[in-house]
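Line by line, the protein sequences are chains F and U.
Residue numbers for the first sequence follow this note's numbering, beginning at 2 and rising by one.
Residue numbers for the second sequence follow this note's numbering, beginning at 2 and rising by one.
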Amino acid sequence: MVEVIASVGLPIDEELMIKKNRIMPVCKDAGGMKRISIVTGIHGDELEGQYVCYELQRRIAKDSDKLAGIVDIYPAMNPLGIDSITRGIPAFDLDMNRLFPGNIEGNMTEYLAAGIMEDVAGSDCVLDIHASNIYLTEIPQIRINEMHEKILVPLAEKSNVDFIWVHGASTVLESTFAHSLNTIGTPVLVVEMGVGMRLTKTYGDQLIDGIFNLMKELGIWTGEVAEVRKPMISRNPDDVSYLNASASGLFVPEVSHGARLAAGDLVGRIVDPLCGRVLDEVKAPRAGMLFTIREYPIVDEGSLMGRILNEEVCNYE
Amino acid sequence: MNKKIIFEIKGMYRDDFRVTGYEFGSGDKSVCIVGNSRGNEVQQIYCCSQLIKKMKQLEEEGRIKKNRKILIIPSINPYSVNIQKRFWSTDNTDINRMFPGYDKGETTQRIADAVFREIMDYQYGIQFTSFYNPGDFVPHVRYMKEGFTTSEEAKKFGMKYIVERSVRPYDTATLNYNWQVWDTTAFSLYTNATEKISNKGAGQAVIAVMNFLANSGIIKYSAIEEKKPRIIDDTELISVRTEKSGFFEPLVKAGEKVEAGTPLANILNPYEATILETLYAPVDGTIFFIHNAPLTYASTAVIKILGDD
């Protein structure tokens with residue numbers, strides 16, 4: 002059943018509506034049922050979650066008699082952003098993921114954030130699906146604030162992602178959707194996978210297997226589920242090396258995303274197309290797995306080109 | 002005057018990105034003034050240019066006191082101004098959400114780091130800044146209630162209004178907040194404009210800064226004293242919100258005195274020109290902020306009133 006969870010009138014002949022679709026067993030009382038919420042589209046240029054929303058529903062519908070709980074699908078928290086290929090909320094130039102928990106008495110953007118919070122709160126598990134941004138590609142991973150590690154890591158381990166990144170607390174991140182809900186006791190897993198403005202079907206399918214596994218654990222799904230992979234887990238900031246550009250230019254990668262690198266391996270080159278020169282050779286500072294790689298090839302000095310996860314936490318088989 | 006480049010990044014096809022500073026006087030790092038960090042903050046650069054002109058004159062006349070150095074950085078983000086984009090030209094990040102910066106981080110973190118290293122040791126910091134909603138303010142000075150900057154220091158600007166505000170999570174990466182963490186007494190100066198130049202607003206800003214410098218013993222100048230500045234907590238400002246969206250027709254101006262019940266603005270049906278809603282003053286007071294764009298959204302605080310004492 003499609004519902005509008007928050008809406009507001011726009012100036013010229015249009016209503017901004019945030020919609021969800023609730024899927025639940027037919028002819029059963031919702032009282033006492035477990036609920037999983039699939040949230041995506043807070044950043045309008047991140048589309049990987051769109052496929053997950055579609056495919057998850059398709060697979061549930063195929064075996065709908067196995068559904069034993071509530072699945073709420075929120076595909077577009079920032080509908081104006083998705084429609085206009087804009088990361089933030091158009092016209093306001095605000096990052097929607099810095100507005101939570103919102104304020105029902107606040108301005109339009111805060112009001113919408115508060116409406117979203119109210120509707121999603123109380124879920125037994127929430128997946129907030131992001132797609133990095135248009136510059137970087139990420140392997141399927143879940144990022145967890147260390148403050149909520151105890152509750153979230155066991156859930157994340159069931160989600161069929163490759164990597165769980167437990168990071169330090171940051172005051173700035175207190176205004177995110179995930180932090181705001183985690184703080185009031187609704188567990189939210191932040192998924193990052195793929196790249197902005199594109200779909201990576203294999204990553205979507207991988208995550209959907211994980212969502213079915215989570216649903217089974219929570220008692221929302223009674224059907225068969227695929228075996229999930231054992232994720233790499235990093236809790237130490239020193240586990241991750243950052244590759245930042247030493248010069249402005251064109252980044253030409255020499256290895257693929259997910260590559261296992263030895264210290265000193267060539268990751269790519271920054272080149273100058275005007276003069277045909279190599280400005281820098283980007284090398285792995287230590288052995289590990291390239292779990293982030295630059296997708297958008299133009300770099301400024303400082304731009305992130307990749308991240309390497311230290312070999313010792315990679316669980317290579 | 003010493004004009005110097007504080008930070009530079011080589012451009013790929015654009016000219017190099019430069020942050021330029023103007024130093025006046027010498028010795029103790031007394032005050033640093035920063036103009037725009039966002040691409041639409043044109044008035045903020047203009048205010049700095051007027052101040053630079055004034056400081057040149059003061060320096061030539063020997064009116065900058067001994068062992069006092071003043072640094073003015075008109076723009077920490079010329080790239081975004083030149084392409085008329087509010088945030089960073091490539092990745093749309095906000096430099097004023099990157100402080101104190103990181104020298105090995107992403108581009109805007111590096112800019113913030115280089116700028117902050119240059120300006121973190123100043124005794125006083127003044128930033129010309131803007132509000133995220135389009136609108137006209139009554140000129141005022143603001144500071145964050147972090148316990149370091151005080152209203153007594155803010156009074157040195159000689160401005161009629163001083164606004165104190167509590168720190169919100171996103172403030173912790175702003176220049177103003179980080180200045181205070183590193184023991185700089187920091188203020189934000191709001192004039193009445195952002196994307197347009199207001200000569201009057203810039204003039205008021207120059208006088209406010211001159212007052213501050215004179216009252217802090219940095220320059221020789223006959224400072225104007227505001228006898229009764231009004232110190233306001235930002236939560237005291239009363240928001241007047243729209244219920245409807247449509248054309249915004251203001252009926253009052255920033256700074257105007259109003260009585261409770263005065264019509265402040267109409268929201269018009271954009272196709273039929275009928276009045277969807279009239280906003281009224283809930284209290285006697287002064288219009289402190291008023292929206293200045295032709296359209297408004299629903300649930301938006303388009304007017305803020307400062308109630309009479």
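Ideal placement from N, C-alpha and C gives every residue a C-beta, glycine not left out.
Following the continuous alpha helix (DSSP H) through W166/F, name the residue where it begins and the one where it ends.
-> Along the first sequence, read from residue 1 onward, the residue named residue 166/F stands at position 165. Here W166/F belongs to no alpha helix (DSSP H); instead the beta strand (DSSP E) covers 164-168.
At least one CB of chain F closer than 8 angstroms to the CB of S246/U: is that the case?
-> For the purposes of this step, residue 246/U is taken as residue 245 along the second sequence, with counting starting at 1. Yes, S246/U counts as interfacial toward chain F.
What are the boundary residues of the beta strand (DSSP E) that includes K35/F?
-> Here residue 35/F is taken as the residue at index 34 of the first sequence, counted from 1. That residue, K35/F, is in no beta strand (DSSP E); it is neither H nor E in DSSP.
Name, please, each residue of chain U whose Cβ falls closer than 9 angstroms to the Cβ of M306/F.
-> One-based indexing of the first sequence puts residue 306/F at position 305. Under the 9 angstroms cutoff, chain U gives no residues; its nearest Cβ is about 11 angstroms from M306/F.
State yes or no: is the C-beta of V127/F within less than 8 angstroms of the C-beta of M78/F?
-> Reading the first sequence from its first residue, position 126 is the one you call residue 127/F. Reading the first sequence from its first residue, position 77 is the one you call residue 78/F. It is not a contact, given that the beta carbons lie outside the stated cut-off.
For G106/U, go through chain F and note every residue whose CB falls closer than 9 angstroms to its CB, in chain order.
-> Along the second sequence, one-based indexing puts residue 106/U at 105. Those are Y243, N245, G303, L305, listed as they occur along chain F.
For F129/U and G256/U, the rounded distance between their alpha carbons = For the purposes of this step, residue 256/U is taken as residue 255 along the second sequence, with counting starting at 1. For the purposes of this step, residue 129/U is taken as residue 128 along the second sequence, with counting starting at 1. Taking the straight line from one Cα to the other gives about 20 angstroms.
Neighbourhood of E147/U by C-beta, 6 angstroms cutoff - its chain only, sequence neighbours within 5 removed | If you number the second sequence from 1, residue 147/U lands on position 146. Q181, listed in sequence order.
Which first and last residues belong to the alpha helix (DSSP H) in which R60/F is found?
-> Position 59 of the first sequence, counting from 1, holds the residue named residue 60/F. Residues 49-63.
Could you tell me which chain F residues have their CB closer than 7 angstroms to the CB of T301/U, listed as they occur along the chain?
-> Sequence index remark: in the second sequence, residue 301/U carries index 300 (1-based). Within chain F, the residues near T301/U are N108, M109.
Selection of the stretch 9-39 of chain U by Cβ proximity to chain F, strictly under 7 angstroms | I10, K11, G12, M13
Exposed or buried, which one is N98/F when buried takes at least 16 other CB atoms within 10 Å?
-> Within the first sequence, residue 98/F is the residue found at index 97, counting from 1. Buried: at least 16 other Cβ atoms inside 10 Å.
Please check if any C-beta of chain U sits within less than 8 angstroms of the C-beta of G250/F.
-> The count along the first sequence starts at 1 and reaches residue 250/F at position 249. Yes, G250/F counts as interfacial toward chain U.
Interface residues of chain U around T172/F at Cβ under 7 angstroms?
-> Along the first sequence, read from residue 1 onward, the residue named residue 172/F stands at position 171. Neighbours of T172/F on chain U, chain order: P170, T173.
Endpoints, beta strand (DSSP E) assigned at I140/F = Along the first sequence, one-based indexing puts residue 140/F at 139. I140/F -> beta strand (DSSP E) spans 137-146.
Shortest alpha-carbon distance to F252/F belongs to which of P76/F, V229/F, R36/F, G307/F?
-> Walking along the first sequence from the start, residue 252/F turns up at place 251. Checking every option, the nearest Cα to that of F252/F belongs to G307/F.
By the 10 Å Cβ neighbour count, where 16 or more other Cβ atoms means buried, how is F8/U classified, buried or exposed?
-> Position 7 of the second sequence, counted from the first residue, corresponds to residue 8/U. Buried, because 16 or more other Cβ atoms sit within 10 Å of the Cβ of F8/U.
With a cut-off of 8 angstroms, does the C-beta of I10/F fall near any C-beta of chain U?
-> As a working note, residue 10/F is residue 9 in the first sequence. For clarity, residue 10/F is Gly in the given sequence; the question names Ile instead. It does; some Cβ of chain U falls within 8 angstroms.
Does DSSP classify K197/U as helix, strand or coil?
-> On the second sequence, position 196 is the one that residue 197/U refers to. DSSP places K197/U in coil when its eight states are reduced to three.
State the start and end residues of the unbroken beta strand (DSSP E) segment that holds T279/U.
-> Looking up residue 279/U in the second sequence gives position 278. Note, T279/U: beta strand (DSSP E), 276-281.
Quick one: Cα of E165/U to Cα of E228/F, how far?
-> In the second sequence, the residue the question calls residue 165/U occupies position 164. In the first sequence, the residue the question calls residue 228/F occupies position 227. Taking the straight line from one Cα to the other gives about 56 angstroms.
For L95/F, return the contacting residues in chain U, with the cut-off set at a CB-CB distance below 9 angstroms.
-> For this step, residue 95/F is matched to residue 94 along the first sequence. Simply Y133.
Buried or exposed by the 16-neighbour rule on C-beta atoms within 10 Å, applied to T151/U = Position 150 of the second sequence, counted from the first residue, corresponds to residue 151/U. With fewer than 16 other Cβ atoms within 10 Å, it is exposed.
Taking all protein chains shown into account, do 16 or more other C-beta atoms lie within 10 angstroms of the C-beta of D114/U, making it buried, or fewer, making it exposed?
-> In the second sequence, the residue the question calls residue 114/U occupies position 113. Buried: at least 16 other Cβ atoms inside 10 Å.
State the start and end residues of the unbroken alpha helix (DSSP H) segment that holds Q58/U.
-> Residue mapping note: residue 58/U aligns to position 57 of the second sequence, counting from 1. Taken as a continuous stretch (DSSP letters only), the alpha helix (DSSP H) holding Q58/U covers 43-61.
Name the chain U residues whose beta carbon is nearer than 7 angstroms to that of C13/F?
-> Mapped onto the first sequence, residue 13/F falls at position 12. The amino acid at residue 13/F is misidentified as Cys; the sequence shows Ile. Here the neighbours are P271.
Under 8 angstroms, do S199/U and Q44/U count as touching if we go by C-beta distance?
-> On the second sequence, position 198 is the one that residue 199/U refers to. On the second sequence, position 43 is the one that residue 44/U refers to. Yes; because the gap between Cβ atoms is below 8 angstroms, this pair is in contact.
Check whether the stretch 182-190 of chain F touches the stretch 107-117 of chain F, counting contact only when three or more Cβ pairs, one atom from each stretch, lie closer than 8 angstroms.
-> no
Alpha-carbon to alpha-carbon, I220/U and E154/U | Working through the second sequence from its first residue, we reach residue 154/U at position 153. Working through the second sequence from its first residue, we reach residue 220/U at position 219. Computed Cα separation, rounded: 16 angstroms.
Alpha carbon to alpha carbon, how far is D281/F from L296/U? Give it in angstroms, no decimals.
-> In the second sequence, residue 296/U corresponds to position 295, counting from 1. In the first sequence, residue 281/F corresponds to position 280, counting from 1. Answer to the nearest angstrom: the Cα atoms are 49 angstroms apart.
Straight-line Cα distance separating F213/U from K55/U | Stepping through the second sequence from its first residue, residue 55/U is reached at position 54. Stepping through the second sequence from its first residue, residue 213/U is reached at position 212. K55/U and F213/U: Cα-Cα distance of roughly 14 angstroms.
Would a check of beta-carbon distances place D92/U closer than 8 angstroms to chain F?
-> Counting from 1 along the second sequence, the entry for residue 92/U is found at position 91. For D92/U, the answer is yes, since a Cβ of chain F falls inside 8 angstroms of its Cβ.
Nearest to G250/F (by Cα), restricted to the options T203/F, A288/F, C276/F | One-based indexing of the first sequence puts residue 250/F at position 249. It is C276/F.
CB E255/F to CB V241/F, shorter than 8 angstroms?
-> By 1-based counting over the first sequence, the position of residue 255/F is 254. By 1-based counting over the first sequence, the position of residue 241/F is 240. No, the Cβ-Cβ distance between E255/F and V241/F is not below 8 angstroms.
So with Cβ pairs under 8 angstroms, would you call R166/U a contact of chain F?
-> Here residue 166/U corresponds to residue number 165 of the second sequence, with the count starting at 1. No, R166/U does not count as interfacial toward chain F.
Positions along the stretch 286-302 of chain F whose CB lies within less than 9 angstroms of some CB in chain U = Y297, I299, V300, D301, E302
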